[in-house]
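Here's the structure, in structure tokens; my notes come after.
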Amino acid sequence: MKYYIPKLQLGLFSTSQTSIEDKFDGLPWGIPSASWPVCRSCDKTMSLIAQLNHHAERLNLGRSGRSLFIFMCCNPYSQCEWTWDSAEGCNSSFVLEPESLETGITYPPDVAQPDSAEIRFWGNCTYNQERDPGATIWIETEVRVLGWLEQDGSIPESARSDFMSESRYGSLDREYIKSVYNGTKLGSVPSWVQWPQNSDWDFIGQFSDYYGFHTPLPNRDMIESGVWIG
Ligand SMILES: [Zn+2]
336 MKYYIPKLQL
346 GLFSTSQTSI
356 EDKFDGLPWG
366 IPSASWPVCR
376 SCDKTMSLIA
386 QLNHHAERLN
396 LGRSGRSLFI
406 FMCCNPYSQC
416 EWTWDSAEGC
426 NSSFVLEPES
436 LETGITYPPD
446 VAQPDSAEIR
456 FWGNCTYNQE
466 RDPGATIWIE
476 TEVRVLGWLE
486 QDGSIPESAR
496 SDFMSESRYG
506 SLDREYIKSV
516 YNGTKLGSVP
526 SWVQWPQNSD
536 WDFIGQFSDY
546 YGFHTPLPNR
556 DMIESGVWIG
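Numbering (this note's numbering), first residue to last: 336 to 565.
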């Protein structure tokens, strides 16, 4: 089965966003403020994990112009524990129609004055400095998707359902499972499944906890001096 690996660039080195793009983290494009999801556990706005647009082969959302939004509660003051669970209300994913999308970057609706808000990366959390929670937008440094690298995987289409079946997944050869690409990708099968008994779910992609760059890496001084958002 084919799968697609994002060719990423740190937002720090990207030009200001002027149109809808595939991206990870940062601030979403085009989402109406009223659609920004709020965490059921801590009642604060969630953080964007990914915004991905319809593509007939890579991510089929059923209609051109649709955009998939994936959010999770990342508020360091809340420290919500159940961000991984699909039923606890600490994460949210949804698709918006092109007619519902607005133009421009959207700030979290609980930030009263986005123009004067502090934007903080996760790296800033470690310094334990006093912040004004109402004026601080806690976001992960964004990465922008410059393109997608199409890969021909070794896993056949006939094996797709094995990865979503508890009994069949458990009997798969470990080396075979290890051969599945474990980085961020769209398509094919997951490299790891929390609950393989969810056979009525379709796998669309996975997000790794690291970024893999196919572009030259900037040096550390450039990143640490960063003025991040344009
Ligand atoms: Zn929360």
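The C-beta atom is built at its ideal place from N, Cα and C for all residues, glycine as well.
Predicted model only: the values in this text are computed from it and were never measured.
At the 8 Å Cβ level, is residue i part of the contact set with chain B, yes or no?
i    : result
P363 : No chain B appears in the structure shown, which is made up of a single protein chain.
Taking the Cβ atom as the reference point for each residue, do residue i and residue j lie within a distance shorter than 8 Å?
i    : j    : result
A452 : T471 : yes
K358 : H549 : no
R393 : L521 : yes
K337 : S523 : yes
G365 : S402 : yes
S368 : S413 : no
F404 : P363 : yes
Q529 : I340 : no
P525 : F498 : yes
G547 : Y516 : no
P531 : E501 : yes
With DSSP run on the structure shown, which of helix, strand or coil describes residue i?
i    : result
G346 : helix
F404 : strand
E501 : helix
I512 : helix
A369 : helix
Y462 : Unreliable positioning characterises Y462 in this predicted model, as indicated by a pLDDT of 49, which lies under 50. The coordinate reading is nonetheless provided below. Three-state result, Y462: coil.
R285 : The question about residue 285 has no answer, for the chain in this structure spans 336 to 565.
E434 : helix
P341 : strand
D487 : strand
S421 : coil
S506 : coil
S382 : strand
S427 : strand
Across the stretch 343-353 and the stretch 476-492, are there enough close Cβ pairs to call them in contact, namely three or more that are closer than 8 Å? yes
Which residues neighbour ligand 1 when neighbourhood means a C-beta less than 7 Å away from any of its non-hydrogen atoms? List them by chain order. C374, S376, C377, K379, C408, N410, S413, C415 and C425
Looking at C-beta atoms only, is the number of pairs between the stretch 410-424 and the stretch 435-448 that lie closer than 8 Å three or more? no
Examine the Cβ distances between the stretch 375-392 and the stretch 439-451 and report whether three or more of them are shorter than 8 Å. yes
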